[in-house]
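2 protein chains.
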Amino acid sequence: MIYPKSIASLIEQFQKFPSIGPKSAQRLAFYLLRMPLAEVQNFAKIIVEAKENTKTCDVCFNISTSSPCEICSSSTRDKSIICVVSESKDLIAIEKTNEYKGLYHVLQGLISPMDGIGADDIRIKELLSRLTNEDVKEVILALSPSVEGEATSLYLTKLIKPFGIKVSRIAFGLPVGGDLEYADEITIAKALEGRHEI
Amino acid sequence: MIYPKSIASLIEQFQKFPSIGPKSAQRLAFYLLRMPLAEVQNFAKIIVEAKENTKTCDVCFNISTSSPCEICSSSTRDKSIICVVSESKDLIAIEKTNEYKGLYHVLQGLISPMDGIGADDIRIKELLSRLTNEDVKEVILALSPSVEGEATSLYLTKLIKPFGIKVSRIAFGLPVGGDLEYADEITIAKALEGRHEI
Chain A
96 MIYPKSIASL IEQFQKFPSI GPKSAQRLAF YLLRMPLAEV QNFAKIIVEA
146 KENTKTCDVC FNISTSSPCE ICSSSTRDKS IICVVSESKD LIAIEKTNEY
196 KGLYHVLQGL ISPMDGIGAD DIRIKELLSR LTNEDVKEVI LALSPSVEGE
246 ATSLYLTKLI KPFGIKVSRI AFGLPVGGDL EYADEITIAK ALEGRHEI
Chain B
96 MIYPKSIASL IEQFQKFPSI GPKSAQRLAF YLLRMPLAEV QNFAKIIVEA
146 KENTKTCDVC FNISTSSPCE ICSSSTRDKS IICVVSESKD LIAIEKTNEY
196 KGLYHVLQGL ISPMDGIGAD DIRIKELLSR LTNEDVKEVI LALSPSVEGE
246 ATSLYLTKLI KPFGIKVSRI AFGLPVGGDL EYADEITIAK ALEGRHEI
């Protein structure tokens, strides 16, 4: 006897999630089976509702419950700046700082030839059409300093420059509270490269 | 703008699971939102079905789709040996070895005064009643070598011995493939203690 079929398929489902291996999937499934039935039904309802209520904003491609999204349709936002991010998660991370009041554009990925993701597979066309139609003065590239992030940033810079729009990139360097001793070489190199006069 | 309400409650739900922190919960939620609606609905269905179809065996307290469970009602099992485990997960782990052909008893926990779990909170009474009513010759204690596992094993040994039933405990020692150099002191001590003549 291994698992009853219904439990086996539950474990299998959990294993499909990112960074959930067989052991974690088993732990999640057993936790769920110990929950009262009403809570399990509620969980199932929340899952389906979240999916059903989630739209993608047709302007910035952020996940939202409406399209255009809250940010794109807000009247207090500075519509002359667009911050380009890879995923909605990154947008949320920036929103949490409460420092940025411009608009966003979610690429829904990064250029990654290794994974077969080209410039046409992410929302670059849509960004360019926004630059053509909207009165944008600056584009901030807030992409990770990974190989894919660098490649996408370079590609976007080349495409946006001809519009006569300022292109900037968020700073990379030592994280606040980080210790120079424990920082990796690339971060230190980036921190040196990005040094500014005081 | 932080998360739309439906997404926030989805993340919150995932955070209730064991060893899922805010970041992992967010990752799981976003993965789910990227799945096609039909798959999400199927996932929700599987969750509820697994819960609805899962019973606890009235004899051994293993999770099962029937009661008595497949193992308890099997005619090929050796009914004179009961292997005592803490959780159904442990039972599955032993079943996977294909080495054990006896019955089981799932305690559904371990004695842990720190967490307020006493002997009456786990299925010890039920084990003793099985020992009284069934023709059992050996009880194997397959509990972890943790403080709680040790305490529960000691407690059970004291209770079972008067029945005149053999009580044994699984061996602790170096894991197969493990290197002596990297083993912790307690494991090495257990391995020395459990040495046998060759």
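From first to last, the protein sequence lines are chains A and B. The first sequence lines up with residues 96 to 293 when you count with the numbering used here. The second sequence lines up with residues 96 to 293 when you count with the numbering used here. For glycine and all other residues, C-beta sits at the position ideal for the given N, C-alpha and C.
Along the chain, where does the alpha helix (DSSP H) that runs through R129 of chain B open and close? In the second sequence, the residue the question calls residue 129 of chain B occupies position 34. Residues 117 to 129.
Just reading off the alpha helix (DSSP H) that E182 of chain A is part of, what are its end residues? Counting from 1 along the first sequence, the entry for residue 182 of chain A is found at position 87. Where E182 of chain A is concerned, there is no enclosing alpha helix (DSSP H), given that its DSSP letter is neither H nor E.
Beta strand (DSSP E) segment containing G244 of chain B, residue limits: Taking the first residue of the second sequence as 1, we reach residue 244 of chain B at position 149. Segment 242 to 255 is the alpha helix (DSSP H) holding G244 of chain B; no beta strand (DSSP E) there.
Contacts around I176 of chain B, its chain only, beta-carbon distance under 6 Å, and the 5 residues preceding and following it disregarded: The residue labelled residue 176 of chain B in the question sits at position 81 within the second sequence. Result list for I176 of chain B: G197, E233, in chain order.
How is the beta strand (DSSP E) around I235 of chain B delimited, first residue to last? Counted from its first residue, the second sequence places residue 235 of chain B at position 140. Here the beta strand (DSSP E) through I235 of chain B covers 233 to 236.
Which of helix, strand or coil DSSP assigns to S224 of chain A: Residue numbering aside, residue 224 of chain A sits at position 129 when the first sequence is read from its first letter. Correct three-state label for S224 of chain A: helix.
My guess is that S162 of chain B and C178 of chain B are in contact by the Cβ rule of under 8 Å, so how many angstroms apart are they, rounded? Position 67 of the second sequence, counted from the first residue, corresponds to residue 162 of chain B. Position 83 of the second sequence, counted from the first residue, corresponds to residue 178 of chain B. Contact doesn't hold; Cβ gap of about 19 Å is too wide.
Beta-carbon proximity of L251 of chain A to L236 of chain A, cut-off 8 Å: Position 156 of the first sequence, counted from the first residue, corresponds to residue 251 of chain A. Position 141 of the first sequence, counted from the first residue, corresponds to residue 236 of chain A. Yes, the pair counts as a contact, with Cβ atoms nearer than the cut-off.
Taking just the CA atoms, how far does P117 of chain B sit from I102 of chain B? Here residue 102 of chain B corresponds to residue number 7 of the second sequence, with the count starting at 1. Here residue 117 of chain B corresponds to residue number 22 of the second sequence, with the count starting at 1. If you take the alpha carbons of I102 of chain B and P117 of chain B, they lie about 13 Å apart.
When B:I141, B:Y277, B:F109, B:L186 are compared against L238 of chain B, the one with the closest alpha-carbon: Indexing the second sequence from 1 puts residue 238 of chain B at position 143. Selected option, being the one with the closest Cα: B:L186.
What does Y98 of chain A pair with, by DSSP beta-bridge criteria? Within the first sequence, residue 98 of chain A is the residue found at index 3, counting from 1. Bridge partners of Y98 of chain A according to DSSP: none are assigned.
For a test of the three-state rule: what should DSSP assign to V135 of chain A, helix, strand or coil? What you label residue 135 of chain A is simply residue 40 of the first sequence in a count that begins at 1. Three-state result, V135 of chain A: helix.
Terminal residues of the continuous beta strand (DSSP E) containing K196 of chain B? Within the second sequence, residue 196 of chain B is the residue found at index 101, counting from 1. Per DSSP, K196 of chain B belongs to no beta strand (DSSP E) and is neither H nor E.
If the cut is a Cβ gap below 9 Å, which residues of chain B does R122 of chain A touch? Your numbering for residue 122 of chain A matches position 27 in the first sequence. Those within 9 Å of R122 of chain A in chain B are F112, P113, S114, K184.
N157 of chain A burial status per 10 Å Cβ neighbour count (16 or more: buried): Counted from its first residue, the first sequence places residue 157 of chain A at position 62. Its Cβ being crowded by 16 or more others within 10 Å, N157 of chain A is buried.
Taking only the alpha-carbon atoms, compute the straight-line gap between I106 of chain A and L226 of chain A and give it to the nearest angstrom. On the first sequence, residue 106 of chain A is found 11 positions in, with the first residue counted as 1. On the first sequence, residue 226 of chain A is found 131 positions in, with the first residue counted as 1. Their Cα atoms are separated by approximately 46 Å.
Cβ distance (whole Å) where L128 of chain B is taken to contact K146 of chain A below 8 Å: Within the second sequence, the letter at position 33 stands for residue 128 of chain B. Within the first sequence, the letter at position 51 stands for residue 146 of chain A. With 8 Å as the limit, L128 of chain B and K146 of chain A qualify as a contact, their Cβ atoms being about 6 Å apart.
With distances taken Cα to Cα, identify the nearest neighbour of I206 of chain B among B:V180, B:Y277, B:N193, B:A188. Taking the second sequence and counting its residues from 1, one reaches residue 206 of chain B at position 111. Nearest option by C-alpha distance: B:V180.
Keeping to the same chain, check which residues put their C-beta closer than 6 Å to that of I115 of chain A; ignore five residues upstream and five downstream. Taking the first residue of the first sequence as 1, we reach residue 115 of chain A at position 20. So the qualifying residues of the chain are F109.
Flag P270 of chain B as yes if its beta-carbon sits less than 8 Å from any beta-carbon of chain A, otherwise no. Reading the second sequence from its first residue, position 175 is the one you call residue 270 of chain B. Closer than 8 Å: no.
Neighbour-count burial assignment, I217 of chain A, 16 or more Cβ in a 10 Å radius: Taking the first sequence and counting its residues from 1, one reaches residue 217 of chain A at position 122. Buried, since its Cβ has 16 or more Cβ neighbours within 10 Å.
Does any C-beta atom of chain A lie closer than 8 Å to the C-beta of T192 of chain B? Along the second sequence, read from residue 1 onward, the residue named residue 192 of chain B stands at position 97. So no, T192 of chain B is outside the interface.
From A:Q203, A:T192, A:F258, A:T149, pick the residue whose C-alpha is nearest to that of V231 of chain A; which is it? Position 136 of the first sequence, counted from the first residue, corresponds to residue 231 of chain A. Comparing Cα positions, the closest option is A:F258.
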